[in-house]
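For reference, the structure discussed in these notes is given below.
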Amino acid sequence: MERDIFIIFVYSLVAEIMQTIEKTHSFRTRGFEPKLTDAEVITIEICGEFFKIHEDTEIYKYFKRHYLDYFPNLPSRITFVRQSANLWQTKVLCQSLLVRMADQYADQVQSIDTLPLPVCTYTRGGFRDKRFPTLADFGHCAAKKLDYYGFKLGLRISRIGMITHFPLLSARTHDVQHLGSLIEGFSGTVPADKGFIDEFQHQLWLECQQTEVVTPNRKNMESSLEQIKLVRKTKYWRKLVETVGSQLSERFQVSKIKVKDLWHYQNRIFRKILSHTVGIFLNLQLGHKPLQLALLADD
Numbered sequence: 001m002e003r004d005i006f007i008i009f010v011y012s013l014v015a016e017i018m019q020t021i022e023k024t025h026s027f028r029t030r031g032f033e034p035k036l037t038d039a040e041v042i043t044i045e046i047c048g049e050f051f052k053i054h055e056d057t058e059i060y061k062y063f064k065r066h067y068l069d070y071f072p073n074l075p076s077r078i079t080f081v082r083q084s085a086n087l088w089q090t091k092v093l094c095q096s097l098l099v100r101m102a103d104q105y106a107d108q109v110q111s112i113d114t115l116p117l118p119v120c121t122y123t124r125g126g127f128r129d130k131r132f133p134t135l136a137d138f139g140h141c142a143a144k145k146l147d148y149y150g151f152k153l154g155l156r157i158s159r160i161g162m163i164t165h166f167p168l169l170s171a172r173t174h175d176v177q178h179l180g181s182l183i184e185g186f187s188g189t190v191p192a193d194k195g196f197i198d199e200f201q202h203q204l205w206l207e208c209q210q211t212e213v214v215t216p217n218r219k220n221m222e223s224s225l226e227q228i229k230l231v232r233k234t235k236y237w238r239k240l241v242e243t244v245g246s247q248l249s250e251r252f253q254v255s256k257i258k259v260k261d262l263w264h265y266q267n268r269i270f271r272k273i274l275s276h277t278v279g280i281f282l283n284l285q286l287g288h289k290p291l292q293l294a295l296l297a298d299d
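Set out below in structure tokens:
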């Protein structure tokens, strides 16, 4: 699909969602209405991320250079960036509404995983530029053999790969201790990797919330025939969350966000998640496989 058509598709979708949100929410209670509408700002952000342009300044420059006729009221860069950051709650609502429109909250099988989110560089002399003091922490990712300083991004996805829950978590805490945050508000089957093995917690969540966490056992653990069958049955969905994590890391560069405060940091995460969700939603509408994001816009 050509980028021009993709932008029109995204704007039409965002404008429709914004009309729904504005019926029940009001985020601007005083001051003048901006010349560039909120729907236009969010469209620019979603498309910028999808086109693999991740910095605010670069997104602004790209649309000013190539699509000023689409967005003639584009303000100064500073005004655009400020308006974008102020819309972080709106982006969360847009993403949630898209998940609801696609009926993915109702999916009875949702996989979980975490992604490391480094926020500073590791050098021979140690970590440098430690941002977000008292908020970020040191962590270790066994899968990537990575020691880092930052956060973890929790992911819960439906069986088509749409993200249904994405809490920002402590990097120091082991994955299994984040289990409650990741399955919050969900009842059903939760495929997960070995990092979430904890028989006591599994039984507790099954009794309290009717949530069955399914993990492959370690080599020194015994498995019943029924458990082996269930692990095999859910293996594809357990791997699917890794695919989504790879898309966020590679296409959307979620682990390479460079900002100095949590407000802008969360805004970047939310717009990347929203862009990914919009891609899946459009693929569903067009009859494509949901996670084939490359079909939607020319690189």
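Number 275 in our numbering belongs to position 275 of the sequence shown; there are no gaps in the numbering. Built from N, CA and C at the ideal position, the CB exists for glycine as well. Just so you know, these numbers come straight off a predicted model, no measurement behind them.
Exercise. Hey, Thr-277 and Leu-98: beta-carbon distance below 8 Å or not?
Worked result: yes
Problem set entry | Beta-carbon contacts of Val-259 that lie in its chain and below 6 Å, excluding the five residues immediately before and after | Tyr-265
For this session: Quickly, what does DSSP pair Thr-211 with across the bridge? List them, please.
Result: Gly-188
Exercise. Tyr-148 to Leu-179, Cα distance in whole Å?
Worked result: 21 Å
For this session: Within its chain, find whatever has a CB closer than 7 Å to the CB of Ser-249; leave out the 5 residues flanking it on each side and keep chain order.
Result: Leu-115, Ser-255
Exercise. Nearest to Ser-26 by CA position, among Thr-90, Phe-32, Lys-61, is which residue?
Worked result: Thr-90
Exercise. Where Gln-19 and Leu-13 are concerned, what is the direct C-alpha to C-alpha distance, given to the nearest angstrom?
Worked result: 10 Å
Problem set entry | Ile-183 to Val-176 span [Cα, whole Å] | 11 Å
Exercise. What first and last residue would you give for the beta strand (DSSP E) that runs through Arg-159?
Worked result: Here Arg-159 belongs to no beta strand (DSSP E), and DSSP marks it neither H nor E.
Exercise. Shortest alpha-carbon distance to Arg-156 belongs to which of Ser-76, Val-109, Ala-142?
Worked result: Val-109
Exercise. Between the beta-carbon of Pro-290 and the beta-carbon of Trp-237, is there less than 8 Å?
Worked result: no
Exercise. Going by DSSP, what residues sit across from Thr-114 in a beta bridge?
Worked result: Gly-154
For this session: Return yes when the Cβ of Thr-43 is within less than 8 Å of the Cβ of Tyr-11, no when it is not.
Result: yes
Problem set entry | Where the beta strand (DSSP E) containing Ser-170 begins and where it ends | 168–170
Problem set entry | Alpha-carbon spacing of Phe-151 relative to Gly-161, whole angstroms | 22 Å
Exercise. Starting from Cys-47 and walking both ways along the alpha helix (DSSP H), at which residues does that stretch end?
Worked result: 38–50
Exercise. Is it buried or exposed for Arg-268, if we count other Cβ within 10 angstroms and need 16 for buried?
Worked result: buried
Problem set entry | Burial state of Trp-263, where buried means 16 or more other Cβ atoms lie within 10 Å | exposed
Problem set entry | CB of Glu-49 within 8 Å of CB of Lys-233, strictly | no
Exercise. For Cys-47, which of Asp-198, Ile-8, Lys-23 has the nearest alpha-carbon?
Worked result: Ile-8
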